[in-house]
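Visitor:
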Amino acid sequence: MRPLAPALLLSLLAALSTALGCSRGQAEDLLEQVRDDDYRSNYARAPGWPDPQQPGFGPHGGFVDIYVNEVVSEAIEAGEPLSAWPEGSIIVKDGWEDADAEALRYVAIMEKRGGGEWFWAEYEEDDSVAYAGLDLSTCTGCHSSGEDQVRAFGLP
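Here the sequence shown stands for residues -27 to -1, 1 to 129, numbered as in mature numbering (1 follows the signal peptide of the UniProt record, and there is no 0).
1) Indicate the three-state DSSP secondary structure (helix, strand or coil) for residue 166 in the structure shown.
2) Can you grab the Cα-Cα spacing for the pair S56 / S110, in whole Å?
3) Tell me which residues share the same chain as I64 and place their Cβ nearer than 6 Å to its Cβ, disregarding the 5 neighbours each side in the sequence.
4) Which one of K85, D38, V80 has the shortest CA to CA distance from Y104?
5) Just how far apart, CA to CA, sit E70 and D38?
6) Straight-line CA distance for D9 to G61?
7) What are the partner residues of R106, as DSSP defines its beta bridges?
8) Rounding to the nearest angstrom, what Cα-Cα distance links F36 and C(-6) in this structure?
9) Less than 6 Å between C-beta atoms, sequence neighbours within five positions excluded: which residues of the same chain meet that for A19?
10) In chain order, what residues of the same chain lie with their CB nearer than 7 Å to the CB of A(-9), ignoring the 5 residues before and after it?
11) Just to confirm, is the Cβ distance from A72 to P59 under 8 Å?
12) For the alpha helix (DSSP H) that E43 lies in, which residues bound it at each end?
13) Looking only at its chain, what residues have a beta carbon closer than 7 Å to the beta carbon of G89, apart from the 5 residues adjacent to it on each side?
14) Which word fits D2, buried or exposed, when buried means at least 16 other C-beta atoms lie within 10 angstroms of its C-beta?
15) In three-state DSSP terms, what is Q26?
16) In the DSSP assignment, find the beta strand (DSSP E) that holds D67 and state where it starts and stops.
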């Protein structure tokens, strides 16, 4: 077997770098979108998460707030049984260090895209992208146990 030619190896690395950069750019755009939406004021609190800074469980730990955009809210209010969340659904989780909400540790966002795929993004307290992309095992490893990848609340 011949070793990979350096040019082929460089091409593969460039493609991987471009893909990662693309996900990072999409994650930055998504954070800007939910911030422009003023999600803490204009999105609804997720079902079962009416109070701010509830204790969080799992890898997110600490205390969390969970918000859903109007696509999710309208699907819930319609009350029709769903097998999956509609395209355009956005779920935002703020992770706080303590119940006083003085130290934001991270923001995690799920966005339902075309083809039924979720785009996942998690941001550090300085808004830098920690993780981003479709089908991230870092996220889906736990979220696969939820209904359509959502663990915090169920489908209507």
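A virtual CB, placed ideally from N, CA and C, is assigned to each residue, including glycine.
For clarity, every value in this text was computed on a predicted model and none was experimentally measured.
Guide: In brief:
1) The structure shown does not extend to residue 166, since the chain spans only -27 to 129, so no value can be given for it.
2) Using only the alpha carbons, I get a separation of about 22 Å.
3) Cβ neighbours of I64 within its own chain (closer than 6 Å, five residues either side excluded): V41, M83.
4) It is V80 whose Cα lies nearest to the Cα of Y104.
5) Each residue's CA atom was taken as its position, placing E70 and D38 some 12 Å apart.
6) Here the alpha carbons of G61 and D9 stand approximately 16 Å from one another.
7) Looking at the sequence provided, one finds Gly at residue 106 rather than Arg. Paired residues: W93.
8) Going from the Cα of F36 to the Cα of C(-6) covers about 31 Å.
9) Correct list, in chain order: I39, V41, A125, F126.
10) Residue placement at A(-9) cannot be trusted, given a pLDDT of 43 that sits under 50; what the coordinates show is reported in the next sentence. There are no such residues.
11) Going by C-beta atoms, A72 is not nearer than 8 Å to P59.
12) The continuous alpha helix (DSSP H) containing E43 extends over residues 43 to 51.
13) Around G89, the same chain offers A57 as residues with beta carbons nearer than 7 Å, after the five sequence neighbours per side are excluded.
14) Label assigned to D2: exposed.
15) Coil.
16) 63 to 69 is the span of the beta strand (DSSP E), which, as asked, contains D67.
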